[in-house]
Amino acid sequence: MYRGSILAVLALWVVVYFKQADAGCLKLGLCCIGRNLSCTSTGWRPDRSFGTCFCDQACLRTLDCCQDYNEACTGLPCTVSEWSSWSGCSKPCKSTYRVRSRHIRQKPTGSQRCPPLVEKGGCLDYWNEQGIECSQEIVPALITAESFGKARRKRLALEENENTGYCVEFQLLSLAKACLHADSPYTQWMHRLRKGYRVCVECQPPALNPRSQRCYGDGRGAKRNQMLHFQVVGNPRCKGVWKHVRQLDTCSCPSVHSFLFI
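The sequence shown maps to residues -23 to -1, 1 to 239 in mature numbering (1 follows the signal peptide of the UniProt record, and there is no 0).
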């Protein structure tokens, strides 16, 4: 009976031993950045010894990785959340910026990097913190990407009898070099501005002045071939000269050549 008990204990030890042997990194879901002495498992090591092994990046140098480290941890991409909603403008009554963010859900392994977690975009609020309408005497014409209008419409419910705006077509005559070297994520749309191109700029509330029923800088009343100035919100060095071509009820330009008065 004593001998049988010993055999039973040995059998249990063998089961536990081999269960531990295939634990490694994959089964426990372990993958750690840098050196982490708590990022350990039990299994076979590269030198064919069995015992405590590591699932951190440093184990590649110290040669104490678990046998399945490469399978479990090498080349895992960075996973991020969806973008948050855009914030309000950082300051009222002036050309400034808005912000949105996202967070890391899964840190990358190896040499991979995470994409930007914060994005800024040009912005202008027409009401101050007390809810009083700002002066709209803002010249030259200020423009931003058409996509800003979608976010703005969500924040501003139009009344049934409110003018929904109009579109103006311009031809670009000259452009500052700063527009061509806008590399940050929130200014890349400026690359669509090109000398000689015709672009559409939409005038919609709240940029549409309720009294004059127009957007400042839209070129209404300009003489034929008169040079008018514009500036991009979010990059004050990106500015240029264009001429008024015509006014339309709705924009007919392709989306890549469509912008928004702000």
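Where is the CB? At the ideal position from N, CA and C, for every residue including glycine.
{"Check": "Sequence-distant residues of the same chain with beta carbon closer than 8 Å to I120, five excluded per side", "Outcome": "V178, F207, Q208, V209, V210, F236, L237, F238, I239"}
{"Check": "Closest Cα partner of R191 within the set G198, C180, C30", "Outcome": "C180"}
{"Check": "For R79 and G217, the rounded distance between their alpha carbons", "Outcome": "33 Å"}
{"Check": "Sequence-distant residues of the same chain with beta carbon closer than 7 Å to R214, five excluded per side", "Outcome": "A153, A155"}
{"Check": "DSSP-derived helix/strand/coil call for L37", "Outcome": "helix"}
{"Check": "C50 - containing alpha helix (DSSP H), residue span", "Outcome": "46 to 50"}
{"Check": "Residues near D226 in its chain [Cβ-Cβ closer than 8 Å; skip 5 each side]", "Outcome": "Y143, C144"}
{"Check": "Cβ-Cβ separation, H234 to R169 (assumed contact under 8 Å), whole Å", "Outcome": "6 Å"}
{"Check": "N- and C-terminal bounds of the beta strand (DSSP E) containing A122", "Outcome": "118 to 122"}
{"Check": "Buried/exposed call for residue 264, threshold 16 Cβ in 10 Å", "Outcome": "As displayed, the chain neither begins before -23 nor continues past 239, which places residue 264 out of reach and without an answer."}
{"Check": "Span separating the alpha-carbon of E136 from that of E59", "Outcome": "Because the pLDDT of E136 is 47, which lies under 50, any placement of that residue in the model is unreliable, and the number read from its coordinates should be weighed accordingly. Distance between the alpha carbons of E136 and E59 is about 31 Å."}
{"Check": "Backbone secondary structure at W219 - three-state DSSP", "Outcome": "strand"}
{"Check": "Residue closest to C32, alpha-carbon to alpha-carbon, out of S26, R25, D24, S15", "Outcome": "S15"}
{"Check": "Start and end residues, beta strand (DSSP E) containing E179", "Outcome": "175 to 180"}
{"Check": "Residue of T56, T19, N186 minimising C-alpha distance to R82", "Outcome": "T56"}
{"Check": "Buried/exposed call for Q203, threshold 16 Cβ in 10 Å", "Outcome": "exposed"}
{"Check": "Bridge partner(s) assigned by DSSP for G28", "Outcome": "G20"}
{"Check": "Beta strand (DSSP E) segment containing V145, residue limits", "Outcome": "143 to 152"}
{"Check": "T51 versus F27, G6, K68, residue with shortest Cα-Cα distance", "Outcome": "G6"}
{"Check": "Under the three-state DSSP convention, the category residue 241 falls into", "Outcome": "As shown, the chain starts at -23 and ends at 239. That puts residue 241 outside it, with no answer to give."}
{"Check": "Exposed unless 16 or more other CB atoms sit within 10 angstroms - verdict on N47", "Outcome": "exposed"}
{"Check": "Other residues of its chain near A122: CB distance less than 6 Å, five sequence neighbours each side excluded", "Outcome": "W166"}
{"Check": "K200 burial status per 10 Å Cβ neighbour count (16 or more: buried)", "Outcome": "exposed"}
{"Check": "Terminal residues of the beta strand (DSSP E) in which L237 lies", "Outcome": "235 to 238"}
{"Check": "Where the beta strand (DSSP E) through T73 begins and ends", "Outcome": "73 to 78"}
{"Check": "Proximity below 7 Å, CB of A35 to CB of C2", "Outcome": "no"}
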